[in-house]
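K.L.:
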Amino acid sequence: MLDLHYAGFFLQTDSVMAINPFLIFIAVWSWVKWLSVSTIIIGGGAYIGYLFTPDWREIVDSKHYYSNWKIRVYLSLPFNTASRVIGGLANQEIPVWLRETLLGGFARMYDCRMEDTVDPDFKNYPSFAAFFNRKLKESSRPISASPLVSPADGTVLHFGKVEDNRIEYVKGHDYDVVNFLGEVDMTQKEELDLYQVVIYLAPGDYHAFHSPARWVASQCRHVPGLLLSVRPTLLSHVPHLFCLNERVVLNGTWRHGFFSMSAVAATNVGDIVVDAEPSLRTNIARRKTQKIMNTETDIHAPYLPGQRVGEFRLGSTIVLVFQAPPTVKFAIKAGDPLRYGQSLVADGV
Numbered sequence: 000m001l002d003l004h005y006a007g008f009f010l011q012t013d014s015v016m017a018i019n020p021f022l023i024f025i026a027v028w029s030w031v032k033w034l035s036v037s038t039i040i041i042g043g044g045a046y047i048g049y050l051f052t053p054d055w056r057e058i059v060d061s062k063h064y065y066s067n068w069k070i071r072v073y074l075s076l077p078f079n080t081a082s083r084v085i086g087g088l089a090n091q092e093i094p095v096w097l098r099e100t101l102l103g104g105f106a107r108m109y110d111c112r113m114e115d116t117v118d119p120d121f122k123n124y125p126s127f128a129a130f131f132n133r134k135l136k137e138s139s140r141p142i143s144a145s146p147l148v149s150p151a152d153g154t155v156l157h158f159g160k161v162e163d164n165r166i167e168y169v170k171g172h173d174y175d176v177v178n179f180l181g182e183v184d185m186t187q188k189e190e191l192d193l194y195q196v197v198i199y200l201a202p203g204d205y206h207a208f209h210s211p212a213r214w215v216a217s218q219c220r221h222v223p224g225l226l227l228s229v230r231p232t233l234l235s236h237v238p239h240l241f242c243l244n245e246r247v248v249l250n251g252t253w254r255h256g257f258f259s260m261s262a263v264a265a266t267n268v269g270d271i272v273v274d275a276e277p278s279l280r281t282n283i284a285r286r287k288t289q290k291i292m293n294t295e296t297d298i299h300a301p302y303l304p305g306q307r308v309g310e311f312r313l314g315s316t317i318v319l320v321f322q323a324p325p326t327v328k329f330a331i332k333a334g335d336p337l338r339y340g341q342s343l344v345a346d347g348v
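Here numbering that gives the first Met the number 0 is used: the first residue of the sequence shown is 0, the next is one more, and so on.
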């Protein structure tokens, strides 16, 4: 028989030597605790270092980003990664037997108007992505004869004249036109003013966006960025939020001069599709040096009012910036619900 003296780690019996399971459990548990504490300390230190290390966010908004620790923490959360995961799940095929439960539950939760759809049967939508961009009956969205109509179902956040080249997206918060749209060819004319309309698409809204006017898009600019929430309740807390978020900007002209339509991405809405630019890829992993690299593509896309332009893979925001006479009278007010094709102006365009 072997005589072992390792604090009872081994049990000695008449015929065999057995390992004490209790002591093994204690040893493994001690190792797990040490590993967990070490991971928390190292991970926490790395996160704090990341939080205070200047990066592309400082370039985009150096004035506000480092002035408030709450903003720093919020902007450092992995929204882009989470949105890529959500986007992948939204494109996964749902078993037929489960579609009524998942899609029906979503529709009830967000008050989706299924009576407006061509096909109200949830079983015919293979994925959430297909459901988000369900085809609507033409009779449910008549296109107004107005020269400017709503490009999407949603809610009016803000509208009106652009003062001193600054776009106001909620009361008291604005940003420079060039910072948002990029360098644009806009001829200033005394008889024209610059206007803007900001429309928020909630998760339950129809997610495709359409042309708001007769115009021609000549440039598609993709601006990589964050995917922060654009819920109206959060917009007032993060300065320059629309300039930080990923977006696709279509610049062109209409009857009065410059016209621009921008699709702004948001949390869980990384995928933006523009039919006129099939090579466009949004919400993909990028190195830090690539996160401020905009891509510009020359296109020629003539649009008619109500014509489909593209789609979101969940709700987000559309921003219109355009030149028009100072006589323009809007037919909307902040907070109004909209349906695409609905008139935005009453007169003066």
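All residues carry an ideal CB built from backbone N, CA and C; glycine is no exception.
Model, not experiment: these values are computed from the prediction.
1. With a threshold of 6 Å on Cβ separation, who are the neighbours of residue 257 within its own chain once the five nearest residues in sequence on each side are excluded?
2. Give the DSSP-derived three-state secondary structure of residue 81 in the structure shown.
3. Cα-Cα, which of 182, 142, 26 and 167 is closest to residue 340?
4. Using a threshold of 8 Å, state whether the C-beta atoms of residue 124 and residue 133 are closer than that.
5. Are the stretch 329-346 and the stretch 142-154 touching by the rule of at least three beta carbon pairs closer than 8 Å?
6. As a quick exercise: from 187, 250, 153 and 212, pick the residue whose alpha carbon is nearest that of residue 181.
7. Return the chain-ordered ranges of every beta strand (DSSP E) run that is complete within the stretch 180-234 and spans a minimum of 3 residues.
8. Taking Cβ positions, are residue 157 and residue 333 nearer each other than 8 Å?
9. To the nearest angstrom, how far is it from the Cα of residue 167 to the Cα of residue 30?
10. Once the 5 residues before and after residue 335 are set aside, which same chain residues still bring their CB inside 8 Å of it?
11. From residue 221 to residue 277, what does the alpha carbon distance come to, in whole angstroms?
12. Determine the burial state of residue 192: buried for a count of at least 16 other Cβ atoms within 10 Å of its Cβ, exposed for fewer.
13. Within 10 Å of its beta-carbon, does residue 33 have 16 or more other beta-carbons around it, so buried, or fewer, so exposed?
14. So is residue 35 buried or exposed if we call it buried at 16+ other beta carbons inside 10 Å?
15. Do residue 136 and residue 115 have their beta-carbon atoms positioned less than 8 Å apart in this structure?
16. Below 8 Å on the Cβ atoms is my guess for residue 150 versus residue 319; work out the distance and round it to an integer in Å.
P.N.:
A quick look at the data gives this:
1. Counting from 1 along the sequence shown, the entry for residue 257 is found at position 258. Around residue 257: 185 and 322.
2. By 1-based counting over the sequence shown, the position of residue 81 is 82. In this structure, residue 81 counts as helix in the three-state DSSP scheme.
3. For the purposes of this step, residue 340 is taken as residue 341 along the sequence shown, with counting starting at 1. Ranking 182, 142, 26 and 167 by Cα distance to residue 340 puts 142 first.
4. Looking up residue 124 in the sequence shown gives position 125. Looking up residue 133 in the sequence shown gives position 134. Yes, these two residues count as a Cβ contact at 8 Å.
5. yes
6. As a position in the sequence shown, residue 181 is number 182, starting the count at 1. The shortest Cα separation from residue 181 among 187, 250, 153 and 212 belongs to 250.
7. 192-199, 207-209 and 214-222
8. Translated into positions along the sequence shown, residue 157 becomes position 158. Translated into positions along the sequence shown, residue 333 becomes position 334. Yes; because the gap between Cβ atoms is below 8 Å, this pair is in contact.
9. The residue given as residue 167 occupies position 168 in the sequence shown. The residue given as residue 30 occupies position 31 in the sequence shown. So the alpha carbons of these two residues sit roughly 55 Å apart.
10. Taking the sequence shown and counting its residues from 1, the one referred to as residue 335 is at position 336. Result list for residue 335: 154 and 155, in chain order.
11. As a first step, residue 221 is located in the sequence shown; it is residue number 222 there, counting from the start. As a first step, residue 277 is located in the sequence shown; it is residue number 278 there, counting from the start. Approximately 13 Å between the Cα atoms of the pair.
12. If you number the sequence shown from 1, residue 192 lands on position 193. Residue 192 should be labelled buried.
13. For this step, residue 33 is matched to residue 34 along the sequence shown. So residue 33 ends up on the exposed side.
14. The residue given as residue 35 occupies position 36 in the sequence shown. Residue 35 is exposed by the Cβ-count criterion.
15. For the purposes of this step, residue 115 is identified with residue 116 of the sequence shown, where counting begins at 1. For the purposes of this step, residue 136 is identified with residue 137 of the sequence shown, where counting begins at 1. Their beta carbons are under 8 Å apart, which means residue 115 touches residue 136 by this criterion.
16. On the sequence shown, residue 150 is found 151 positions in, with the first residue counted as 1. On the sequence shown, residue 319 is found 320 positions in, with the first residue counted as 1. So it is a contact: roughly 7 Å between Cβ atoms.
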